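One structure below.
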Amino acid sequence: MDLTCTEEEEAFRARLRDWLTAALPGLPPKPPPQDWPGRRAYDTAWQRALFEAGYADVHWDASPTRRLIFLEETEKAGAPYVGANFVGLLHAGPTIAAEGTTEQRARWLTPILRGDEIWCQGFSEPGAGSDLASLRTRAVRDGDSYVVTGSKIWTSHAEVADWCELLVRTDPEAPKHRGITWLAMPMDAPGITVRPLRTLAGSTEFAEVFLDEVRVPAVNRVGEENDGWRVTMVTLSFERGTAFVGEVVACRRTLAELARTARKNGRWDDAVLRRRLGRLNAEFTALWRLTQWNVSEAEATGGVPGTGGSVFKLRYSHARQELYDTAAEVLGPDALDLSREWTLDRLSSLSYTIAAGTSQIQRNIVAERILGLPKER
Amino acid sequence: MHFQPTEDQRALRTGVRELLEARFGREALRASGARLDRALWRELGDAGFFALRLPESQGGVGLGLPEAVLAFEEAGRVLLPGPLVATHLAAGTVAGAATGESVVTRVDGGLVAWLEEADVVLGDAADAVPVRSVDPLTPLHRVASVERPGPEAVLLTAAEQLGSAARTTELAVRYAKEREQFGRPIGGFQAVKHLCAQMLVRTELARAAVYAAAVTGDPVETAGAKLLADEAAVQGARDCLQVYGGMGFTWEADVHLHLKRAWVRAELGQPAAQAEELLAAAL
Ligand SMILES: Cc1cc2nc3c(=O)[nH]c(=O)nc-3n(C[C@H](O)[C@H](O)[C@H](O)COP(=O)(O)OP(=O)(O)OC[C@H]3O[C@@H](n4cnc5c(N)ncnc54)[C@H](O)[C@@H]3O)c2cc1C
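The listed protein sequences derive, respectively, from chains L and W. Under the working numbering, think of the first position of the first sequence as 79, with each following residue one higher. Under the working numbering, think of the first position of the second sequence as 11, with each following residue one higher.
Right under this line is the structure:
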């Protein structure tokens, strides 16, 4: 058991740190949450800068340790997180890299890395959330295209996306897991309507996407027809396996800030609150260690992250909510002020036990796939 | 970075597990009471359990804290009785501790475990008063002085808690696969399944924390590891008891022994309030 990095990894860290120190001051101010075009421009400019400096593909790096170093250092330096590039970098890209043809990799991977093209995820439907495999959006083969009709919901970044990783039903007669296909759909195709949905935080993070006879070229199919569920499992393992890693570092920073605030405003004298902050310190330190453990394990066994991601996500999503509830205790009445960053963060933390699979679904995964308990049905 | 046990560390863990399985199985656990099995103590000594971290030049095995943590985790799994931590830490300073010839205990908080069976007591136990110990396999005395052991003792106690948490998770999962109600294994019911999943999550988080603290040796990280391992062991035993149903409430099942020992260990080393204060001060 070793927590030290190799000389080469430390050299990578040092180079990255130097580059961040030089690159960050040139960054324009972050646009407000409602300004979607502004946010897209901001996030893609940062991705372009990373590309030019040679760091763009770090999420796909053969060395997961380097990925951890990257997330740790960028987060510590206060650099932007992936933002609108989330789906492209953290799951569509890795899925295409793992399952796509040579032409597909050539077509899509570089634009993702350069920040030229934004992706969104069209998985969930009004009638298919936790039970994703019951999705009904239909795709009928017509010549060299699929004609897609149906609707998707909770599609993050749909308003600014160029591409959508879309799950469609290509065989309605087959058992529900067998008739699904994974398509890359251009978001400017005729027949697509995006209707933004307002979240409880007041922002428009996600949208409803209506699909009315949208033509998607058959060459955009990743994996075989009707084999989309298997491809989806690859996508989801990336989503759950690595997507939250960088945020743990951010939580540790927030916690330290919280302690400073409490010392200043007198709340620190409350032993119950102080002990709660102490416990959160243990929690986030351990979550970071658990990440290193999972990554080391994946590195040893090679390839796609394992179910350890579900173990992590379960604990992390609840710890994050606990962190912002504690922040509210530190702030007192100020916690009701929407102009405080922590108030907005508290609101957005409420999605972590739902998005990318609810806690109930994660517990099913842990119980059935790791512990081998019988399936419910 | 390679935060996984090495080949040697895995081999060590397997070795300790096999020794304990052969020498301290369920019958031995059941038969043991307030008396310490001296022969077993010496066998542990022969196997290097106490001398694990003593330099080879002093007749020890010359290994580090991570290896000790793996060995203590195994001891925790099987609820091995005795003042294991105190004797291990006394190796090299108290004669006979390293070889298992002497049993060494110490004042820990307001408690002393195994006072009457010990050859050497570290700390002031002159005013010791016997307690009717909640754990039938850990005799306890109360003392006035509240000396606290250092971070290494805290971490090794946490490692035992981790082993116990892993064991109760295994027990619950096994039982949930075997026991049938309503015509199917209870493990197919989501309420039971989710209890088991939460047990694993707590155990794995505690594992990462305990192993990392063993590698860094950092006292703050150690305090966090103890806190999470206490939680995993105590709540794990409670959940296991629930999964076992009525059987869990019997003396026959091992579950209560895990819970009672977990309560004792939670009080030793660094209880929650102190760990949390230390962790807060470090923020
Ligand atoms: C902020 C945010 C962003 C999102 N972004 C995207 C995106 O970009 N693309 C996309 O495709 N989706 C996205 N989602 C959707 C997300 O994946 C779903 O919301 C989630 O999987 C839950 O599905 P649902 O909302 O339909 O809830 P439901 O499945 O209806 O669940 C409702 C409740 O029932 C429980 N439940 C359901 N089934 C079971 C079961 N078998 N056992 C126990 N309990 C059960 C759930 O745990 C939950 O508590 C996003 C969601 C959020 C909140």
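No residue lacks a Cβ here, since even glycine has one placed at the ideal position from N, Cα and C. Because the structure is a prediction, the values reported are computed rather than measured.
Whole-angstrom distance between Phe199(W) and Asn442(L), CA atom to CA atom: 10 Å
Rounded Cβ spacing between Glu303(L) and Val272(L) (contact assumed at less than 8 Å): Wrong, their Cβ atoms sit about 26 Å apart, outside the cutoff.
Those residues which DSSP pairs with Leu275(L) across a bridge: Phe284(L)
Near-chain W residues of the segment 384 to 400 of chain L - C-beta to any C-beta below 9 Å: Taking 9 Å as the Cβ-Cβ cut-off, the segment 384 to 400 of chain L approaches chain W at Gly386, Ser388, Val389, Phe390, Leu392 and Arg393, given in chain order.
Chain W contacts from the segment 334 to 350 of chain L (Cβ-Cβ distance under 7 Å): Ala334 and Ala337
Backbone secondary structure at Tyr133(L) - three-state DSSP: coil
Ala211(L) - DSSP class collapsed to helix/strand/coil: helix
Ala170(L) vs Arg117(L) beta-carbon contact at 8 Å: no
Length of the line joining the Cα atoms of Leu99(W) and Thr115(W): 10 Å
Given 8 Å, three or more beta-carbon pairs between the segment 385 to 395 of chain L and the segment 241 to 251 of chain L: no
Proximity of Gly55(W) and Gly110(W) at Cβ, strictly below 8 Å: In contact: Gly55(W) and Gly110(W) (Cβ atoms closer than 8 Å).
Under 8 Å by beta carbon: chain W residues contacting Glu251(L): Under the 8 Å cutoff, chain W gives no residues; its nearest Cβ is about 29 Å from Glu251(L).
Closer than 8 Å to chain W by CB, Trp232(L): no
Extent of the continuous alpha helix (DSSP H) run through Ser143(W): Segment: none, Ser143(W) is in no alpha helix (DSSP H) and carries neither H nor E.
Same chain, Cβ closer than 6 Å to Met263(L), five either side skipped, listed in chain order: Cys242, Leu244 and Val294
Alpha helix (DSSP H) runs wholly inside the segment 318 to 402 of chain L, at least 4 long, in chain order: 323 to 343 and 349 to 379
Candidates Gly207(L), Phe148(L), Pro172(L) and Asp249(L): closest to Val226(L) by CA position: Asp249(L)
Short Cβ contact (8 Å threshold) for Trp420(L) with Ala397(L): no
Under 8 Å between C-beta atoms of Ala108(W) and Phe60(W): yes
Distance cut-off 7 Å: Trp186(L) Cβ against heavy atoms of ligand 1: Not one heavy atom of ligand 1 sits closer than 7 Å to the Cβ of Trp186(L).
Cβ-heavy atom distance, Ser234(L) to ligand 1, below 7 Å: Result yes, Cβ under 7 Å from ligand 1.
For Pro76(W) and Tyr254(W), believed in contact at Cβ under 8 Å, the rounded distance: Contact check for Tyr254(W) and Pro76(W): beta-carbon distance about 33 Å, past the 8 Å limit, so the pair fails to qualify.
From Leu251(W), Val144(W), Asp47(W) and Ala175(W), residue whose alpha carbon lies closest to that of Pro93(W): Asp47(W)
Own chain, CB closer than 6 Å to Val164(W), minus 5 neighbours either side, in chain order: Thr232, Lys236, Gly279 and Gln280
Chain-order list of residues whose beta-carbon lies under 6 Å from that of Asp145(W) (same chain, five-residue window excluded): Lys270, Arg271 and Val274
Inter-stretch contact (C-beta, 8 Å, three-pair minimum) for the segment 134 to 145 of chain W and the segment 201 to 208 of chain W: no
Local conformation of Ser234(L) per DSSP, three classes: strand
Residues sharing a beta bridge with Tyr224(L), DSSP: Arg219(L) and Val294(L)
Inter-stretch contact (C-beta, 8 Å, three-pair minimum) for the segment 170 to 177 of chain W and the segment 214 to 228 of chain W: Between the segment 170 to 177 of chain W and the segment 214 to 228 of chain W there are three or more inter-stretch CB-CB distances shorter than 8 Å, so the stretches are counted as touching.
Neighbour flag for Tyr254(W) against chain L, beta carbons, 8 Å: Taking Cβ atoms only, chain L never reaches closer than 8 Å to Tyr254(W), which makes this a no.
Residue from Trp371(L), Leu105(L), Cys198(L) and Leu149(L) with nearest C-alpha to Thr313(L): Cys198(L)
Ala285(L) beta carbon less than 8 Å from that of Pro268(L): No Cβ-Cβ contact shorter than 8 Å links Pro268(L) with Ala285(L).
Buried or exposed (CB count within 10 angstroms, at least 16 for buried), Thr103(W): exposed
Within 8 Å, strictly: CB atoms of Ser202(L) and Lys254(L): no
Which residues DSSP lists as bridging Ile270(L), in chain order: Leu289(L)
Minimum C-alpha distance to Gly35(W) - residue among Leu90(W), Glu262(W) and Leu267(W): Leu90(W)
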